[in-house]
Amino acid sequence: MFVWNGAGPLQYLEIEEFKDNGVTAIFTSRRGGVSKGSYGTLNLGFHSGDDHQNVVENRKIISSSIKIDYHNFVAGEQVHGNKVYIVAEEDKGKGALDYNTSISGVDALITDRPGLPLISFYADCVPLYFLAPSRRVIALAHAGWKGTLLKIGQKTIEKMNQYFDINIKNCLAAIGPSISPDVYEVDDRVVGRFKEKFTEWRDIVVDKGKGYYLLNLWEANRIVLNKAGIPSKNIITSGYCTYKYDNFFYSYRRDGAKTGRMASIIVI
36 MFVWNGAGPL QYLEIEEFKD NGVTAIFTSR RGGVSKGSYG TLNLGFHSGD DHQNVVENRK
96 IISSSIKIDY HNFVAGEQVH GNKVYIVAEE DKGKGALDYN TSISGVDALI TDRPGLPLIS
156 FYADCVPLYF LAPSRRVIAL AHAGWKGTLL KIGQKTIEKM NQYFDINIKN CLAAIGPSIS
216 PDVYEVDDRV VGRFKEKFTE WRDIVVDKGK GYYLLNLWEA NRIVLNKAGI PSKNIITSGY
276 CTYKYDNFFY SYRRDGAKTG RMASIIVI
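Printed below as a string of structure tokens:
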């Protein structure tokens, strides 16, 4: 379950099931930072067009609240692909203070290193969280419609298993706040690609007529995670829509390019 946490104006969601296993896994809101205007106030994305120093200060604020060092953040470039990267100690700080130092071409990160916080950024795309409790392995994956189509959730689980020999059936996964299925409108081109890749496409697509459809990225990712071997009972869905709740979340679809980014953060 995603539950609200924070102090004063700072608010973020924390995943209880991960916390119960000694892992901090959160999703930030837009509240409690120093950014101004359309970036107000807790924008955590350097690539958003916001003042660089404000973003650094916002990262300090959230890091202080969850008791980690913001200098240690590790971020991927996020190119809407399905490349997965194993994060080691030497990667500490990549993307922490500058977007250009992010790990190139990567949309998912895995680590078993305590004190090495993984971070990724969102304004409607789906954040995926992973925990293999017995092996103490964690991961984040960035799943927009392209990453979902490329089944980045499955790729992440497969790489976790390849490198760390995890028990997939005992893994926990979470689907974080993102654009909800009742407002995410796409066209024939996108739906056609999902029909090619998902035999269950009827479960994730609603025809609105005139060549437009509603696409359910939450259910699509749940299907992917199920097929990767994670039982439904181990998949937590937040249910929060970034598009609808403008007081809490940034949304690219709602606000356009000049908007901030929330972050998913996970650390052992």
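Mapping of the sequence shown onto this note's numbering: residues 36 to 303, in sequence order.
Cβ atoms here follow ideal geometry from the backbone N, Cα and C, with glycine treated the same way.
Remember, it's a predicted structure, so these values are computed and weren't measured experimentally.
What residue range is occupied by the uninterrupted alpha helix (DSSP H) comprising W253?
-> As a working note, residue 253 is residue 218 in the sequence shown. Unbroken alpha helix (DSSP H) run through W253: 252-262.
What are the boundary residues of the alpha helix (DSSP H) that D242 is part of?
-> Within the sequence shown, the letter at position 207 stands for residue 242. D242 -> not in any alpha helix (DSSP H); beta strand (DSSP E) instead, spanning 240-244.
Helix, strand or coil: how does DSSP classify M195 here?
-> As a position in the sequence shown, residue 195 is number 160, starting the count at 1. In the structure shown, M195 sits in a helix (DSSP, three-state: H, G or I).
Count the CB pairs spanning the segment 291-301 and the segment 158-165 that are closer than 8 Å, and state whether there are at least three.
-> yes
Does the segment 132-143 come close enough to the segment 228-238 that 3 or more CB-CB pairs lie under 8 Å?
-> no
Cα-Cα separation, Y287 to C206 | On the sequence shown, position 252 is the one that residue 287 refers to. On the sequence shown, position 171 is the one that residue 206 refers to. Rounded to whole angstroms, Y287 to C206 spans 31 Å at the Cα level.
Let me know the secondary structure DSSP gives H177 once reduced to three states.
-> Position 142 of the sequence shown holds residue 177. Strand at H177.
Helix or strand or just coil, what does DSSP make of S64?
-> If you number the sequence shown from 1, residue 64 lands on position 29. S64 falls in the coil class under three-state DSSP.
State yes or no: is the C-beta of L77 within less than 9 Å of the C-beta of G211?
-> Your numbering for residue 77 matches position 42 in the sequence shown. Your numbering for residue 211 matches position 176 in the sequence shown. No. Outside cutoff.
In terms of DSSP beta bridges, what is L249 paired with?
-> Numbered from 1 along the sequence shown, position 214 holds the residue referred to as residue 249. E220, V241, per the DSSP bridge assignment.
May I have the straight-line CA-CA distance separating G80 from I201, to the nearest angstrom?
-> What you label residue 80 is simply residue 45 of the sequence shown in a count that begins at 1. What you label residue 201 is simply residue 166 of the sequence shown in a count that begins at 1. When rounded, the distance between both Cα atoms is 32 Å.
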